[in-house]
Structure formats: structure tokens, C-alpha cells
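Participant:
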Amino acid sequence: MTTLSETSPQLAPAPSTLKVIRSIILGRPGTIVAVIIIAILCLVAILAPILAPYDPLKQSMTKINRFPSWENWLGTDQFGRDVLSRMIYGSRNSLIFGLISPVCAALIGTTLGVIAGYFGGITDRVISR
């Protein structure tokens, strides 16, 4: 008679989260480009006080509607403010609102979903419509 020994199948270890993220990023060239653009935008927003050549709110009536030049790389607006400086400082607002909006939407949606799930019935129907 033969004795059978029970052996459990060996499972391969799960890949680490870092390896999964690295394979996603390196596997697609478009992802690499997007990550680089987002990183540059974040750096520009963080370093805005250092990178901006002029105060974005300072008006100069002698520099109204100037074309791009070595002094003002993107020109000036109707109030004489430097357009490049305003774009650099504006990147901060874009990032802040781009991050806050989905967080607020998730909080509101989760709250309404919990209320609808808890009370059910007509409350669920009203919230779901």
C-alpha cells in the first residue's frame, strides 16, 4: 500500500504595490508623459513665488497690452500685469480646486448613500432620483 502525503500547493507571493505601480507606469509611454506633466505642474505650483518673475497682482499702466518680449515672456494684460506670472500663480488654484472637488463630491455622495441605505423606502427613492 502506498502512503499519500498531503501537500498544500505553493502559492506565488503577491507582487508588492510598488511593483504593480511601476509596471503600470513603465508599461505605457503615455502614462510616463502624463506623470511627468503632472509632476512639472506640481513643482511649478509649489515653487511659484520663486519662479514667477513679477508680482501677478501688480498693475503697471505703462505696460498695458504689451506683446511678448524678453522682459515679459508672454506679454501683459489690459491692466499691465505679467501674463506668465499670473499663469504660474494660477496653477496653484487649478491644483487646489482639482483636488478639493472630487473629495467634496465623494463626501457628499457617501453621506447621501448612507442616508438612503439606512432609511430606505421613500427616502432612498427621493435621493436616488
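Okay, so the sequence shown: first residue is 1245 according to our numbering, each after it adds one. Glycine residues also receive a C-beta, built at the ideal position from the N, C-alpha and C atoms.
Taking all protein chains shown into account, decide if Ile-1344 is buried (16 or more other Cβ within 10 angstroms of its Cβ) or exposed.
Facilitator: The residue in question, Ile-1344, is exposed, as its Cβ has fewer than 16 Cβ neighbours within 10 Å.
Participant: Report the rounded CA-to-CA distance for Ala-1349 versus Ile-1284, giving the unit in angstroms.
Facilitator: Ala-1349 and Ile-1284: Cα-Cα distance of roughly 26 Å.
Participant: In whole angstroms, what separates the C-alpha of Ala-1278 from that of Arg-1369?
Facilitator: Their backbone Cα atoms lie some 40 Å apart in a straight line.
Participant: Based on the DSSP secondary-structure assignment, which residues constitute the bridge partners of Thr-1320?
Facilitator: Note: Thr-1320 sits in a beta bridge opposite Asp-1326.
Participant: Counting beta carbon pairs with one atom in the segment 1320-1335 and one in the segment 1291-1298, are three or more of them shorter than 8 Å?
Facilitator: These segments touch.
Participant: I need the straight-line Cα distance from Lys-1307 to Leu-1318, nearest angstrom please.
Facilitator: Roughly 13 Å between the two C-alpha positions.
Participant: Measuring only the C-alpha atoms, how far is Ile-1289 from Ile-1276?
Facilitator: Sequence inspection shows Ala at residue 1289; the Ile mentioned does not correspond to that position. Distance between the alpha carbons of Ala-1289 and Ile-1276 is about 20 Å.
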